[in-house]
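**Student:** Would you mind keeping the following structure in view while I ask a few things?
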Amino acid sequence: MERIIDLRSDTVTHPTERMRDAMRDAVVGDDILGEDPTVKRLEALGAEMFGKEAGLFLTSGTMSNQVAVLTFCNKGDQIIVHNRAHIYNLEVAGLASVCGVQARPIQAINGMYDLKELEKEIHTAQIQTAPTTLICLENTFDLNRGLVVKPDYIAEVKKIADEHDIKVYMDGARIFNAAVALGITVDKLNQSVDAVGVCLCKGLGSPFGSLLLGSKEFIAKARRMKQMIGGGMRQGGIMAAAGIVGLEEMVDRIDEDHENAKILASCLQKVGLGIDMEQVQTNVIHIDLKAVNIKAAEFCDNLLSLGIKAKPVGEFEVRMITHKDFKTAEINTVVSKVEQCIGN
Ligand SMILES: *Cc1c(COP(=O)(O)O)cnc(C)c1O
1368 MERIIDLRSD TVTHPTERMR DAMRDAVVGD DILGEDPTVK RLEALGAEMF
1418 GKEAGLFLTS GTMSNQVAVL TFCNKGDQII VHNRAHIYNL EVAGLASVCG
1468 VQARPIQAIN GMYDLKELEK EIHTAQIQTA PTTLICLENT FDLNRGLVVK
1518 PDYIAEVKKI ADEHDIKVYM DGARIFNAAV ALGITVDKLN QSVDAVGVCL
1568 CKGLGSPFGS LLLGSKEFIA KARRMKQMIG GGMRQGGIMA AAGIVGLEEM
1618 VDRIDEDHEN AKILASCLQK VGLGIDMEQV QTNVIHIDLK AVNIKAAEFC
1668 DNLLSLGIKA KPVGEFEVRM ITHKDFKTAE INTVVSKVEQ CIGN
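So in this note's numbering, the last spot in the sequence shown is 1711, and the numbers never skip.
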């Protein structure tokens, strides 16, 4: 049988040979005792790349988000989130149940709050109101669209946060995709945020893990929050080693994923699928099937029978995400199978 082409997510990639080698050869120690040199190297490398004082290696992007909120906020605080954000919708209500904060979701078209509305939603502690202590951003925004949020906008959010003496956290699960799309480095892109979390297992292709970056003081507390929720990894260097390879070797090739996404999207648009090319900004393609009148579930089932996996994300909506294990040469295969599915 032909190889399955899996475009559901960039999390489906397999580690490179160099990642596997690095994991086997990793020098390790007990990281909870602060003695794993490979974890320390990953954390230092991340901090340097992001221009922050310190870094913390965690198991997942979800844990980065929860640990960041636990570190910045007290129980009963209010935090501002995008209504479509991962942290609000796809983390098993961890904000409520793990962090004990109240999320105030606001609409954020293309990942950007209306700044006037944002400011209105920042509350102080009064007899009946909880204090707002954190503003959360996401970049790229919307895991079904992959939209880029620009640094000048982030700086405006930071300015408002500073005026109210509150913090800004960036969920940067796919921040490298945003940086590459903008042609800038992640330190420039995150200059205005107090802390940023980044997934090592998406565009960078590592098998697991995330990094949280921020001030020394923030990371020192975050390290204890990580331990509290059971995130301590003893010989964590085995896992961190693959992340180092991701940061060192995989950033420069992300361009290729973006290029493939653009080519694939424009081909799919030509065969009749609804795609807003202006929104194909990184490695995510959001597809509207109303134009061809096929439901997402049926479309994905049919596509799977032809050896292609895509992800239904609405009744008539599907997403495809390009990644390091999807090659330019496979674009034609995907397009012809899609044509078969829609009966062209
Ligand atoms: C994937 C993702 C996460 C969570 O990362 P995991 O490693 O899967 O826990 C958080 N936020 C955004 C925006 C994501 O895309």
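The beta carbon of each residue, even a glycine, is placed where N, CA and C say it ideally should be.
Just to confirm my understanding: we take ARG1397, look at its own chain, exclude 5 residues before and 5 after, and list those with CB closer than 8 Å. What are they?
**Tutor:** Reading off the sequence, residue 1397 comes out as Asp, not Arg. The answer, listed in chain order, is ASP1403, ARG1601, GLN1602.
**Student:** Give the secondary structure of ALA1540 by DSSP, where H, G and I count as helix, E and B as strand, and everything else as coil.
**Tutor:** Three-state result, ALA1540: coil.
**Student:** Below 8 Å on the Cβ atoms is my contact criterion, and I expect VAL1547 with MET1386 to pass it. Report the Cβ-Cβ distance as a whole number of Å.
**Tutor:** With 8 Å as the limit, VAL1547 and MET1386 do not qualify as a contact, their Cβ atoms being about 20 Å apart.
**Student:** Can you tell me which of the three DSSP states ILE1652 falls into?
**Tutor:** It is a strand residue.
**Student:** With DSSP collapsed to three states, give me the class of THR1505.
**Tutor:** At residue 1505 the sequence reads Glu, which differs from the Thr that was named. If DSSP states are grouped into helix, strand and coil, GLU1505 belongs with the strands.
**Student:** Could you tell me whether the segment 1371-1379 touches the segment 1554-1574, using the rule of 3 or more Cβ pairs below 8 Å?
**Tutor:** Yes, the segment 1371-1379 is in contact with the segment 1554-1574.
**Student:** Given that a residue counts as buried once 16 or more other Cβ atoms are within 10 Å of its Cβ, and exposed if not, what is LYS1593?
**Tutor:** LYS1593 should be labelled buried.
**Student:** Could you give the distance in angstroms between the alpha-carbon of LYS1517 and the alpha-carbon of GLN1707?
**Tutor:** Each residue's alpha carbon lies about 39 Å from the other.
**Student:** For ALA1470, verify whether its CB is less than 7 Å away from any heavy atom of ligand 1.
**Tutor:** Outside the cutoff, so no.
**Student:** Would you say the beta carbon of SER1577 comes nearer than 7 Å to a heavy atom of ligand 1?
**Tutor:** Answer for SER1577: yes, Cβ within range of ligand 1.
**Student:** Using only the heavy atoms of ligand 1, determine whether one of them is closer than 7 Å to the beta carbon of SER1427.
**Tutor:** Within the cutoff, so yes.
**Student:** Skipping 5 residues on each side, what residues in its chain have a beta carbon closer than 8 Å to that of ASP1444?
**Tutor:** Answer for ASP1444: VAL1468, GLN1469, ALA1497, PRO1498, THR1499, THR1500, LEU1501, listed in chain order.
**Student:** Determine, using beta carbons only, whether ILE1446 and ARG1408 come nearer to each other than 8 Å.
**Tutor:** No, the Cβ-Cβ distance between ILE1446 and ARG1408 is not below 8 Å.
**Student:** I'd like the ranges of any alpha helix (DSSP H) spanning at least 4 consecutive residues and lying wholly in the segment 1561-1626.
**Tutor:** Taking only runs of at least 4 residues, the alpha helix (DSSP H) segments lying wholly in the segment 1561-1626 are 1583-1595, 1604-1616.
**Student:** If you draw a straight line from the alpha carbon of LEU1485 to that of ILE1473, how long is it in whole angstroms?
**Tutor:** Their Cα atoms are separated by approximately 8 Å.
**Student:** Are there 16 or more other CB atoms within 10 angstroms of the CB of ASN1544, so buried, or fewer, so exposed?
**Tutor:** It counts as buried.
**Student:** Assuming contact is defined by CB atoms lying nearer than 8 Å, are SER1431 and SER1577 in contact in what I supplied?
**Tutor:** Yes, they are a contact pair.
**Student:** Please identify the residue among SER1427, MET1595, ALA1522, VAL1406 whose C-alpha is closest to the C-alpha of LEU1437.
**Tutor:** For the residues SER1427, MET1595, ALA1522, VAL1406, the minimum Cα distance to LEU1437 belongs to MET1595.
**Student:** According to the Cβ coordinates, are PHE1424 and VAL1448 closer than 8 Å?
**Tutor:** Contact flag unset, no.
**Student:** Is the segment 1642-1649 touching the segment 1658-1669, taking contact as three or more C-beta pairs under 8 Å?
**Tutor:** These segments do not touch.
**Student:** Ordered along the chain, which non-local residues of its own chain (more than five positions away) have a Cβ less than 6 Å from that of ARG1451?
**Tutor:** ASP1509.
**Student:** Have a look at ILE1521 and LEU1673 and give me their C-alpha separation to the nearest angstrom.
**Tutor:** So the alpha carbons of these two residues sit roughly 43 Å apart.
**Student:** Could you round the C-beta distance between ARG1541 and CYS1566 to whole angstroms and report it? I think they count as a contact, below 8 Å.
**Tutor:** Right, their Cβ atoms sit about 7 Å apart.
**Student:** Nearest-angstrom Cα distance between ALA1414 and LEU1514?
**Tutor:** C-alpha separation (whole angstroms): 24 Å.
**Student:** On the CB-based measure, 16 or more other CB atoms within 10 Å of its CB, does MET1644 come out buried or exposed?
**Tutor:** Under this definition MET1644 is an exposed residue.
**Student:** Helix, strand or coil for PHE1417, going by three-state DSSP, please let me know.
**Tutor:** In this structure, PHE1417 counts as helix in the three-state DSSP scheme.
**Student:** In terms of residues, what are the limits of the beta strand (DSSP E) holding ILE1447?
**Tutor:** ILE1447 -> beta strand (DSSP E) spans 1445-1449.
**Student:** With distance defined between alpha-carbon atoms, name the residue in VAL1563, PHE1575, ASP1388, ASP1692 nearest to ILE1586.
**Tutor:** The option with the nearest alpha carbon to ILE1586 is VAL1563.
**Student:** Can you grab the Cα-Cα spacing for the pair VAL1394 / ILE1605, in whole Å?
**Tutor:** Distance between the alpha carbons of VAL1394 and ILE1605: 8 Å.
**Student:** For THR1507, does the count of other Cβ atoms within 10 angstroms reach 16, so buried, or fall short, so exposed?
**Tutor:** THR1507 is buried by the Cβ-count criterion.
**Student:** Could you work out which residue in ALA1435, ILE1533, ILE1551 is closest to ALA1492 when comparing CA atoms only?
**Tutor:** Among ALA1435, ILE1533, ILE1551, the Cα nearest to that of ALA1492 belongs to ILE1533.
**Student:** Tell me, which residues are paired with TYR1480 by DSSP?
**Tutor:** Bridge partners of TYR1480: ALA1475.
**Student:** Curious, which full-length alpha helix (DSSP H) runs of at least 4 residues does the segment 1649-1693 contain?
**Tutor:** Segments of the alpha helix (DSSP H) lying fully in the segment 1649-1693: 1663-1672.
**Student:** Please work out which residues of its chain come closer than 6 Å, Cβ to Cβ, to ALA1475, disregarding the five sequence neighbours upstream and downstream, and give them in chain order.
**Tutor:** Here the set comprises HIS1449.
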